[in-house]
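Chemist: Number 185 in my numbering belongs to position 184 of the sequence shown; there are no gaps in the numbering.
Glycine is no exception: its CB is placed at the ideal position from the N, C-alpha and C atoms.
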Amino acid sequence: MSEKIEKLADLTKSLIKTIGEDPNREGLVKTPQRVAKAWTHFSQGYNSKLESVINGAIFNEDCTDMVVVRDIEFFSMCEHHMIPFFGRAHIAYIPNGKIVGLSKIARVVDVFAKRLQVQERLTCQIRDCIQEVLNPLGVAVVIEAKHLCMMMRGVQKQNSVTTTSAFTGEFENKATRDEFINLINAKLS
Ligand code: ZN
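1. Taking V112 as the reference, give the member of M78, F60, D66 with the closest Cα.
2. Suppose contacts are defined by Cβ-Cβ distances below 9 Å. Is K99 in contact with E62 by that definition?
3. Could you tell me if the beta carbon of M152 falls within a distance shorter than 8 Å of some heavy atom in the ligand ZN?
4. What does the alpha-carbon distance come out to for the pair E145 and V36?
5. In its own chain, which residues sit with a C-beta less than 6 Å from the C-beta of F172, not counting the 5 before and 5 after it?
6. Just how far apart, CA to CA, sit F75 and T19?
7. Give me, in chain order, the residues of the same chain whose beta-carbon lies closer than 6 Å to that of F60; leave out the 5 immediate sequence neighbours on both sides.
8. Considering only the beta carbon of each residue, do T165 and L123 sit closer than 9 Å?
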């Protein structure tokens, strides 16, 4: 058992005690271990190197047509409450001599999502990463998410969806941005 897992398990045991439960109760005995492993997964983004995620998957290509990857599912942890927020990311870029393997776009989302986050920063970090790595003519990122911290506590808005967006380059132009929005809203038949 790694030192990190052990520490996280100890903290979880304290949490269980503090909320008024018995960590030695049968159903809870292995819970600290499970929670520790889960949190190691939720925070994996801190240990992932973006270069190693993307490198080797960048290709030279003359195409300058918009590339859109939509409905990338993600799960992240709200940094204010350490409760999940989750939803879908839609990402587009207009190549400028370079393209990246499509699955890598989803990996970029994952690297930034598996940290303590706010949706606004997650959106901008994905945009900036793609802009930096590919130097495209423009990047667009739209994220739609539900926040359990809003749904379970406080305002209890069960169905509210928060949408954030971030753009660079050609997506600053309304026509290009509209084309992207139409593509992510289009129903595939
Ligand atoms: Zn929150």
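Modeler: With the structure as the only source:
1. M78
2. yes
3. no
4. 27 Å
5. G139, A141, R178
6. 31 Å
7. I100
8. yes
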